[in-house]
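Encoded as C-alpha cells, the structure appears first; notes follow it.
There are 2 protein chains.
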Amino acid sequence: MPKKCNFIEKLREVGLRPTKQRVKMCEVLYNREKTFHFTINDLVKLLSEKMNQKISLATVYNTVHAFERKGYLKEISIDSHKSYFDTNTSAHHHFFDEDTHELIDCDESDIDKINIRKNITGKKINSVEVLVRVASDNQTQK
Amino acid sequence: MPKKCNFIEKLREVGLRPTKQRVKMCEVLYNREKTFHFTINDLVKLLSEKMNQKISLATVYNTVHAFERKGYLKEISIDSHKSYFDTNTSAHHHFFDEDTHELIDCDESDIDKINIRKNITGKKINSVEVLVRVASDNQTQK
DNA sequence: ATCTACATTATAATAATTCTAAACTGTTGA
DNA sequence: TCAACAGTTTAGAATTATTATAATGTAGAT
Ligand SMILES: [Mn+2]
Ligand SMILES: [Mn+2]
Ligand SMILES: [Zn+2]
Ligand SMILES: [Zn+2]
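Top to bottom, those sequences are chains A and B. Start counting at 1 in the first sequence, then tack on 25, and there's your number in the numbering used here. Start counting at 1 in the second sequence, then tack on 25, and there's your number in the numbering used here.
Here is the structure:
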C-alpha cells in the first residue's frame, strides 16, 4: 500500500469502489511504518477514537474481508477465539507475546529457511509458517 | 494416557474425579493408536454416535478445558473460527489439509530443528511450532 | 441529471462458547 | 455404613464474534 493518501487509486486498481469508509480504513491500516496486526475490535476502536469516523460494524467486517480477498490483508490464526489480521500479506513468521497478546513479524533473517522432509501425496505445500510463543522471563509468578 | 481402561487412576492422579462422563471421554480420546485432532463438535458426535453416551455440551466443554489445564489436551490454532484440540500435548509441528480441514502431526524427522536468531528482550521462548498448509495438487479448479 | 450496480447501515440471525443455578454424585470420615 | 460436603453435571440462558437481511445511500458511467 502507498505511503501517502492516494488509496483511491489503489482501491480502484483491484476493483473496489473508493468509498469514504474504505479510504478511512486504508488510512488507519496502511499509513504507518510497520506492519499492523489487529482484531476487528482494535480496528473499530481506532476508527471511532483516533479518526472520528463512525463506521458500522458490518461495514468493518465487509471491508476487512473485501481487503482480504483482494490481497490487502491476511488472516492470522494464533487464537481460536477471535480473528487477527495482518497488513503483511506475505507468508512470514511471527513471535506472539503471550503476556500482551501482541504479534511481531519475523524478518527473513530471524529464522533459517524451514526444510520440510515429508510430503503428503497428492498435496502441494501452500505455506510454511512458524509461530514462536514468548512470555515474560522473570519468574515473578507464584 | 494409558492403552487400556484404567483412566480412573489417571484422572485421580491429576486430581480430577473419575466420573462416568470423564471416563467415557478418555476412552474416546485416548483409546486409539495415533494422536487425535478434533473440534468440540467432532467429540460430541463421537460420544453420542459411536459410544451411546449422551453428555451435555457444557460438560464436554468443561471437561475438555479441565483436561487441557491438566495437560491431557492441547489447543491448536489453525482456524480462528473454531477451536481444535490435540491429544499430543508436546510442542510439535503440523500439516493442515486445507481441502479436508484435517490436521496431521509431523514427526521429529519431518522438519529440521528450527533456529531462531532473534530474541525479544525480557522474554523467553515457550514454544516454536510450524504449520504447513497443504492443498490438492491437481489444477481442477477454474 | 439520471441510472444502476455496488456499499453502507441498523438490525436480526446464527454459531461458538461460557455462565447460572439447581440437581446429582464421588469421596471422606464419623 | 451413610450423612455431609465439595466437586460435577445439566438444561437452559447469556454472551460474544460473526454473518445475513433488506432498506437506503452513493460512486461512476452515460
Ligand atoms: Mn475469516
Ligand atoms: Mn480455549
Ligand atoms: Zn505479520
Ligand atoms: Zn498434533
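Virtual Cβ for every residue (Gly too), placed ideally from N, Cα, C.
For residue i, I'd like the list of residues in its chain whose CB is within less than 8 Å of its CB, leaving aside the five on either flank, ordered along the chain.
{"i": "residue 77 of chain B", "result": "none"}
{"i": "residue 124 of chain A", "result": "160 and 161"}
{"i": "residue 28 of chain B", "result": "With a pLDDT of only 45 at residue 28 of chain B, under the threshold of 50, the placement of this residue in the model should not be trusted; the figure read from the coordinates follows. Excluding sequence neighbours, residue 28 of chain B sits near 56."}
{"i": "residue 83 of chain A", "result": "none"}
{"i": "residue 93 of chain B", "result": "99, 100 and 110"}
{"i": "residue 87 of chain B", "result": "none"}
{"i": "residue 103 of chain B", "result": "109, 119, 121, 128 and 156"}
{"i": "residue 137 of chain B", "result": "none"}
{"i": "residue 58 of chain B", "result": "none"}
{"i": "residue 143 of chain B", "result": "none"}
What does DSSP give as the partner residues of residue i in its beta bridges?
{"i": "residue 39 of chain B", "result": "Residue 39 of chain B is not bridged to any residue."}
{"i": "residue 45 of chain A", "result": "Bridge partners of residue 45 of chain A: none, in fact."}
{"i": "residue 161 of chain B", "result": "A/148"}
{"i": "residue 52 of chain B", "result": "Answer is none; residue 52 of chain B lacks a bridge partner."}
{"i": "residue 154 of chain B", "result": "A/156"}
{"i": "residue 136 of chain B", "result": "A/141"}
If residue i and residue j are in contact, beta carbons under 8 Å, what's the gap, nearest whole angstrom?
{"i": "residue 18 of chain A", "j": "residue 118 of chain A", "result": "Limits of chain A in this structure are 26 at one end and 167 at the other, which puts residue 18 of chain A out of reach."}
{"i": "residue 148 of chain B", "j": "residue 135 of chain A", "result": "Not a contact, Cβ separation roughly 14 Å."}
{"i": "residue 116 of chain B", "j": "residue 152 of chain B", "result": "4 Å"}
{"i": "residue 85 of chain A", "j": "residue 98 of chain A", "result": "Between residue 98 of chain A and residue 85 of chain A the Cβ distance is about 12 Å, and since that is not below 8 Å, they are no contact."}
{"i": "residue 49 of chain A", "j": "residue 105 of chain B", "result": "Contact doesn't hold; Cβ gap of about 24 Å is too wide."}
{"i": "residue 141 of chain B", "j": "residue 150 of chain B", "result": "7 Å"}
{"i": "residue 43 of chain B", "j": "residue 54 of chain B", "result": "Going by Cβ atoms, the distance from residue 43 of chain B to residue 54 of chain B rounds to 14 Å, so no, they are not a contact pair."}
Enumerate in chain order the residues of its own chain whose CB-to-CB distance from residue i is below 7 Å, with the five nearest sequence positions on each side excluded.
{"i": "residue 96 of chain B", "result": "114"}
{"i": "residue 60 of chain B", "result": "111, 112, 113 and 130"}
{"i": "residue 41 of chain B", "result": "47, 91 and 95"}
{"i": "residue 66 of chain B", "result": "none"}
{"i": "residue 64 of chain A", "result": "107, 108 and 109"}
{"i": "residue 34 of chain A", "result": "none"}
Starting from the C-beta of residue i, find all residues in its chain whose C-beta is less than 6 Å away, skip the five residues before and the five after it, and write them out in chain order.
{"i": "residue 122 of chain A", "result": "159"}
{"i": "residue 80 of chain B", "result": "46 and 72"}
{"i": "residue 157 of chain B", "result": "120"}
{"i": "residue 128 of chain A", "result": "62, 119 and 121"}
{"i": "residue 101 of chain B", "result": "109 and 111"}
{"i": "residue 145 of chain A", "result": "none"}
{"i": "residue 39 of chain B", "result": "95"}
{"i": "residue 133 of chain B", "result": "none"}
List in chain order: all unbroken alpha helix (DSSP H) runs of 4+ residues lying wholly within the segment 54-132 of chain B. 65-74 and 82-94
Scan the segment 134-151 of chain B for residues whose Cβ lies nearer than 7 Å to a Cβ of chain A and list them as they occur along the chain. 134, 135, 136, 137, 139, 140, 141, 142, 143, 145, 147, 148, 149, 150 and 151
Which residues, taken in chain order from the segment 84-111 of chain B, show a beta carbon closer than 9 Å to some beta carbon of chain A? 100, 101, 102, 103, 104, 105, 106, 107, 108 and 109
Of the residues that make up the segment 40-53 of chain B, which ones have a beta carbon closer than 7 Å to any beta carbon in chain A? none
When Cβ atoms are compared, which residues of the segment 116-127 of chain A fall closer than 7 Å to chain B? 120, 122 and 123
Which residues, in chain order, does the segment 55-80 of chain A contribute to contact with chain B at a C-beta distance below 9 Å? none
Short of 9 Å Cβ to Cβ, which residues in the segment 153-164 of chain B face chain A? 153, 154, 155, 156, 157, 158, 159, 160, 161, 162 and 163
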